[in-house]
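Sequence order for the protein chains is A and B.
All residue numbers for the first sequence refer to numbering that gives the first Met the number 0, where the first residue is 0 and numbers rise by one.
All residue numbers for the second sequence refer to numbering that gives the first Met the number 0, where the first residue is 0 and numbers rise by one.
There are 2 protein chains.
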Amino acid sequence: MINGDVCKFITEGKCGTCKKVCPAGAIDFDMKDEIVERKVGAIIVAIGNDIFDASQYVEYGFGKYEDVVTTLQYERMMCASGPSHGHILRPSNDQEPKNVVFLSCVGSRDNSVGRPYCSSVCCMVMAKQAILTKEHVPDSTTYLFYIDVRATGKEYEEFIDRAREDYGARYIRGRVSRIFKKGDKLIVRGVNTLLGEQVDVEADLVVLSVGLTSSPGAAELAQKLNISYDSYGFLVEGHPKLKPVETNTAGIFLAGTCQSPKDIPASVAQGSAAAAKALSLLSKDKLESSPMVAFVNNSKCVGCLKCQKVCPYKAIEKVVLRDGREVANVISSVCQGCGTCTAACPTGAIDLNGFSDKQLINELEGLFV
Amino acid sequence: MINGDVCKFITEGKCGTCKKVCPAGAIDFDMKDEIVERKVGAIIVAIGNDIFDASQYVEYGFGKYEDVVTTLQYERMMCASGPSHGHILRPSNDQEPKNVVFLSCVGSRDNSVGRPYCSSVCCMVMAKQAILTKEHVPDSTTYLFYIDVRATGKEYEEFIDRAREDYGARYIRGRVSRIFKKGDKLIVRGVNTLLGEQVDVEADLVVLSVGLTSSPGAAELAQKLNISYDSYGFLVEGHPKLKPVETNTAGIFLAGTCQSPKDIPASVAQGSAAAAKALSLLSKDKLESSPMVAFVNNSKCVGCLKCQKVCPYKAIEKVVLRDGREVANVISSVCQGCGTCTAACPTGAIDLNGFSDKQLINELEGLFV
Numbered sequence: 000m001i002n003g004d005v006c007k008f009i010t011e012g013k014c015g016t017c018k019k020v021c022p023a024g025a026i027d028f029d030m031k032d033e034i035v036e037r038k039v040g041a042i043i044v045a046i047g048n049d050i051f052d053a054s055q056y057v058e059y060g061f062g063k064y065e066d067v068v069t070t071l072q073y074e075r076m077m078c079a080s081g082p083s084h085g086h087i088l089r090p091s092n093d094q095e096p097k098n099v100v101f102l103s104c105v106g107s108r109d110n111s112v113g114r115p116y117c118s119s120v121c122c123m124v125m126a127k128q129a130i131l132t133k134e135h136v137p138d139s140t141t142y143l144f145y146i147d148v149r150a151t152g153k154e155y156e157e158f159i160d161r162a163r164e165d166y167g168a169r170y171i172r173g174r175v176s177r178i179f180k181k182g183d184k185l186i187v188r189g190v191n192t193l194l195g196e197q198v199d200v201e202a203d204l205v206v207l208s209v210g211l212t213s214s215p216g217a218a219e220l221a222q223k224l225n226i227s228y229d230s231y232g233f234l235v236e237g238h239p240k241l242k243p244v245e246t247n248t249a250g251i252f253l254a255g256t257c258q259s260p261k262d263i264p265a266s267v268a269q270g271s272a273a274a275a276k277a278l279s280l281l282s283k284d285k286l287e288s289s290p291m292v293a294f295v296n297n298s299k300c301v302g303c304l305k306c307q308k309v310c311p312y313k314a315i316e317k318v319v320l321r322d323g324r325e326v327a328n329v330i331s332s333v334c335q336g337c338g339t340c341t342a343a344c345p346t347g348a349i350d351l352n353g354f355s356d357k358q359l360i361n362e363l364e365g366l367f368v
Numbered sequence: 000m001i002n003g004d005v006c007k008f009i010t011e012g013k014c015g016t017c018k019k020v021c022p023a024g025a026i027d028f029d030m031k032d033e034i035v036e037r038k039v040g041a042i043i044v045a046i047g048n049d050i051f052d053a054s055q056y057v058e059y060g061f062g063k064y065e066d067v068v069t070t071l072q073y074e075r076m077m078c079a080s081g082p083s084h085g086h087i088l089r090p091s092n093d094q095e096p097k098n099v100v101f102l103s104c105v106g107s108r109d110n111s112v113g114r115p116y117c118s119s120v121c122c123m124v125m126a127k128q129a130i131l132t133k134e135h136v137p138d139s140t141t142y143l144f145y146i147d148v149r150a151t152g153k154e155y156e157e158f159i160d161r162a163r164e165d166y167g168a169r170y171i172r173g174r175v176s177r178i179f180k181k182g183d184k185l186i187v188r189g190v191n192t193l194l195g196e197q198v199d200v201e202a203d204l205v206v207l208s209v210g211l212t213s214s215p216g217a218a219e220l221a222q223k224l225n226i227s228y229d230s231y232g233f234l235v236e237g238h239p240k241l242k243p244v245e246t247n248t249a250g251i252f253l254a255g256t257c258q259s260p261k262d263i264p265a266s267v268a269q270g271s272a273a274a275a276k277a278l279s280l281l282s283k284d285k286l287e288s289s290p291m292v293a294f295v296n297n298s299k300c301v302g303c304l305k306c307q308k309v310c311p312y313k314a315i316e317k318v319v320l321r322d323g324r325e326v327a328n329v330i331s332s333v334c335q336g337c338g339t340c341t342a343a344c345p346t347g348a349i350d351l352n353g354f355s356d357k358q359l360i361n362e363l364e365g366l367f368v
């Protein structure tokens, strides 16, 4: 879709270059936003992530000092198609920076900002950017503050070694307590925990390695899809080890950083895995479902529908019996056999096939014989 | 297959319990080893890994002191079906250990033993075992020597925090220089690099967190399959970011730790991804292949077959022309268009479709117009 708020042809009637150059004739300025409804057999959720808002760390001066940027902004700066055409320049005075200081774990591994988790990718992003800094500005020096360097992927350790040894990246183990301005420089004050001493680094540019957060809409989407999400807003897989791409709701799969922070190789592999799982579902003529589903005893059901309210899979509907009574009914193809309804039913009218109260009690009695 | 060297029924004619209890009647003691030949359209290589031989670190006394074990041995010790029925006992005297010391990076991140890479899983294995130690022996204390704690997966950081805070795991940043015996205790001598001081820990049991290495047969297999392997013997994927499960040879895919050290969720996701790639190959009636393959100019070819020797894909065969001359011929469905043969040909008889010498020179000339 063309963004009608920005496109010059739509707003001003000028330009239209894209239409002229597109050999496939794929540009249509008259298209309107529309909601397309489709019936689908599987959903792969791959909505990605957001990044941490660095201005929450007031002591780092992001938003206050022009020369404090995030890794994402720095990435754009180093990009040939970016705002500075691939030249690394201090935003404050358009000069090349000589001392570039990186701060890791900005919004990661820090309970004080509600992010106790590791964002997984930032250590490697920092190392890459330190290497590129040296390549762009050969007489520059990079300083990288870190807690633990986390280089767990294939040849990641070697990459960190290269940054240190071949590109002179100076790793300092410690946290930064404050960044402040002195003349036209920034002073980065931290602690070198290995030497046990305070360290001040004079910086021309400070790059904050911001952590990954969940997308703002992730929780809302999860509620709509009846899948779980954790306290950080990341979507929850079926099993942390054995079902990394499945969810607890049949037919819905996860891929990429909406599940947790992960790097590109892991996201790509997970994407293929999710596709495989979706395909194995769609390639079948008939679907198998577990027989361990809930069922309602109509004679006991009083139609309060408390079960419907607690069912996480929307598997319970209201039906009217021939005698006019309204009772609950389990849609067995939708039911995942979680048993929540059986616990919620005040009259004991719902049971789980194979796990009825009587069966459970008999099993227990059998154990103690 | 039943291991005939170990099975009591095969060696001594006794036992046979498995046959009696197997409800499916799947046990056949008369089966013999056989080589089964199959024609296959895709291969997924998932041969796993080996572990580092801890006795290479003479200073740790593995193999010399009974109470120095590897994480794998310790895992068995904690397992209910293991040799000590799930009881953690010092091998030297069958007593419960009170002080258990873990050493990380045994055969990881250490160029002196030819393993500069990070083994990726050991930090989390150590943390898990520290938690289990406390659960098995409530009055025990665990000490964990580490370089960097690498907890990059989903909720891994929280897991480490739990080990530290709820289970009292004492993390000490530093390397261990020596382990020696004092009475019936082991003294673990290391450096606490955060405090900058030597530290001696009295241990009842020392657990070496051994790194992952490639399988001994990995390189040989790679040669047989015409796929690449790195200097550590790990198999090489098609592209480190964008093709994590493919190899450079069509139809051969990788899954799990034969590619690089990785944890269970990553291995499981990669396994599904490899299955998806294999399926997408097998589900097609016709295969597409790149038209950029090599071709031989018969009039220039002198039949030296140097091209055949260098071809990594075995895509070159010898053919006899009608006039009796022997020349090279490219099997275009096998050729991957790498161009190695064109460089090796002494008479310039091989070119790559779309990349002939003339085309390349014309392109260059075009650039400088």
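No residue lacks a Cβ here, since even glycine has one placed at the ideal position from N, Cα and C.
Pull up the DSSP beta-bridge partners for residue 213 (chain A), would you. As a working note, residue 213 (chain A) is residue 214 in the first sequence. Beta-bridge pairing by DSSP links residue 213 (chain A) to A:48.
Run through DSSP, which three-state label would residue 327 (chain A) get? Translated into the one-based positions of the first sequence, residue 327 (chain A) becomes position 328. Here residue 327 (chain A) carries a strand assignment [DSSP, helix/strand/coil].
C-alpha gap between residue 112 (chain A) and residue 156 (chain B), whole angstroms: If you number the first sequence from 1, residue 112 (chain A) lands on position 113. If you number the second sequence from 1, residue 156 (chain B) lands on position 157. Approximately 15 Å between the Cα atoms of the pair.
Where does residue 231 (chain B) fall in DSSP's three states? On the second sequence, position 232 is the one that residue 231 (chain B) refers to. In the structure shown, residue 231 (chain B) sits in coil (DSSP, three-state: anything other than H, G, I, E or B).
Looking only at its chain, what residues have a beta carbon closer than 6 Å to the beta carbon of residue 184 (chain A), apart from the 5 residues adjacent to it on each side? Numbered from 1 along the first sequence, position 185 holds the residue referred to as residue 184 (chain A). Only 201 meet the Cβ criterion.
Alpha-carbon to alpha-carbon, residue 154 (chain A) and residue 16 (chain B): What you label residue 16 (chain B) is simply residue 17 of the second sequence in a count that begins at 1. What you label residue 154 (chain A) is simply residue 155 of the first sequence in a count that begins at 1. Inter-residue distance for residue 16 (chain B) and residue 154 (chain A) is about 48 Å (C-alpha atoms, whole angstroms).
Inter-residue spacing [alpha-carbon to alpha-carbon] between residue 329 (chain B) and residue 355 (chain B): As a position in the second sequence, residue 329 (chain B) is number 330, starting the count at 1. As a position in the second sequence, residue 355 (chain B) is number 356, starting the count at 1. One C-alpha to the other measures close to 15 Å.
Given a cut-off of 8 Å, decide if residue 167 (chain B) and residue 133 (chain B) are closer than it, judged by their beta-carbon atoms. Along the second sequence, one-based indexing puts residue 133 (chain B) at 134. Along the second sequence, one-based indexing puts residue 167 (chain B) at 168. Closer than 8 Å, so yes.
At 7 Å on the CB atoms, spell out the chain B contacts of residue 157 (chain A), in chain order. For the purposes of this step, residue 157 (chain A) is taken as the residue at position 158 of the first sequence. Those are 115 and 116, listed as they occur along chain B.
Closest Cβ-Cβ distance between residue 131 (chain B) and chain A: below 8 Å? Residue numbering aside, residue 131 (chain B) sits at position 132 when the second sequence is read from its first letter. Answer no: the Cβ-Cβ gap between residue 131 (chain B) and chain A never drops below 8 Å.
Check residue 258 (chain A) in the structure and name its three-state DSSP category. Taking the first residue of the first sequence as 1, we reach residue 258 (chain A) at position 259. Looking at residue 258 (chain A) - three-state DSSP - the assignment turns out to be coil, as it is neither helix nor strand.
In whole angstroms, what separates the C-alpha of residue 347 (chain A) from that of residue 251 (chain A)? Position 348 of the first sequence, counted from the start, is the residue given in the question as residue 347 (chain A). Position 252 of the first sequence, counted from the start, is the residue given in the question as residue 251 (chain A). Here the alpha carbon of residue 347 (chain A) sits roughly 31 Å from the alpha carbon of residue 251 (chain A).
If we call anything under 8 Å between Cβ atoms a contact, is residue 306 (chain B) one with residue 337 (chain B)? Your numbering for residue 306 (chain B) matches position 307 in the second sequence. Your numbering for residue 337 (chain B) matches position 338 in the second sequence. Contact flag unset, no.
If you follow the beta strand (DSSP E) that residue 171 (chain B) is part of, which residue opens it and which one closes it? By one-based count along the second sequence, residue 171 (chain B) stands at place 172. Segment 169-172, the beta strand (DSSP E) holding residue 171 (chain B).
Out of B:327, B:259, B:230 and B:22, point me to the one whose CA is closest to residue 315 (chain B)'s CA. Within the second sequence, residue 315 (chain B) is the residue found at index 316, counting from 1. Closest in alpha carbon position to residue 315 (chain B), among B:327, B:259, B:230 and B:22, is B:327.
Give a yes or no on whether 8 Å exceeds the smallest Cβ distance from residue 193 (chain B) to chain A. As a working note, residue 193 (chain B) is residue 194 in the second sequence. Yes, contact with chain A.
Just to confirm, is the Cβ distance from residue 158 (chain A) to residue 125 (chain A) under 8 Å? Taking the first sequence and counting its residues from 1, one reaches residue 158 (chain A) at position 159. Taking the first sequence and counting its residues from 1, one reaches residue 125 (chain A) at position 126. Not in contact: residue 158 (chain A) and residue 125 (chain A) (Cβ atoms no closer than 8 Å).
Under 8 Å: do the region 286-300 of chain B and the region 264-276 of chain B share three or more Cβ pairs, one atom per stretch? The region 286-300 of chain B makes no contact with the region 264-276 of chain B, as fewer than three CB pairs between them are under 8 Å.
In this structure, how does DSSP classify residue 312 (chain B) when only helix, strand and coil are distinguished? Working through the second sequence from its first residue, we reach residue 312 (chain B) at position 313. If DSSP states are grouped into helix, strand and coil, residue 312 (chain B) belongs with coil.
Candidates A:41, A:22 and A:31, of which the one nearest residue 283 (chain A) by Cα: Counted from its first residue, the first sequence places residue 283 (chain A) at position 284. When each option's Cα is compared against that of residue 283 (chain A), the closest is A:41.
For residue 322 (chain A), the nearest candidate out of A:310, A:297 and A:308 (CA to CA): Translated into the one-based positions of the first sequence, residue 322 (chain A) becomes position 323. Nearest of A:310, A:297 and A:308 to residue 322 (chain A), Cα basis: A:297.
With 7 Å as the C-beta to C-beta threshold (strictly closer), list the residues of the region 269-296 of chain B near chain A in chain order. Result list: 269, 271, 272, 274, 275, 276 and 278.
Is the beta carbon of residue 144 (chain A) closer than 8 Å to that of residue 107 (chain A)? Here the question's residue 107 (chain A) lines up with position 108 in the first sequence. Here the question's residue 144 (chain A) lines up with position 145 in the first sequence. Cβ atoms of residue 107 (chain A) and residue 144 (chain A): not closer than 8 Å.
To which residues of the same chain is residue 331 (chain B) closer than 6 Å at the C-beta, ignoring the five residues directly before and after it? Translated into the one-based positions of the second sequence, residue 331 (chain B) becomes position 332. Correct list, in chain order: 292.
Inter-residue spacing [alpha-carbon to alpha-carbon] between residue 7 (chain B) and residue 1 (chain B): Taking the second sequence and counting its residues from 1, the one referred to as residue 7 (chain B) is at position 8. Taking the second sequence and counting its residues from 1, the one referred to as residue 1 (chain B) is at position 2. Spanning the two alpha carbons is a distance of roughly 11 Å.
Mapping the DSSP letters down to three states, classify residue 80 (chain B) as helix, strand or coil. Mapped onto the second sequence, residue 80 (chain B) falls at position 81. Residue 80 (chain B): coil per DSSP, three-state reduction.
Look at the Cβ atom of residue 247 (chain B), then the Cβ atom of residue 335 (chain B), and state whether they are nearer than 8 Å. For the purposes of this step, residue 247 (chain B) is identified with residue 248 of the second sequence, where counting begins at 1. For the purposes of this step, residue 335 (chain B) is identified with residue 336 of the second sequence, where counting begins at 1. Less than 8 Å divides the Cβ of residue 247 (chain B) from the Cβ of residue 335 (chain B).
Does residue 94 (chain A) come out as helix, strand or coil in the three-state DSSP assignment? In the first sequence, counting from the first residue as 1, residue 94 (chain A) sits at position 95. Coil.
Within chain A, the residues that residue 169 (chain B) reaches when beta carbons sit closer than 7 Å: Counting from 1 along the second sequence, the entry for residue 169 (chain B) is found at position 170. For residue 169 (chain B), no chain A residue has a C-beta closer than 7 Å to its own C-beta; the minimum C-beta separation is roughly 16 Å.
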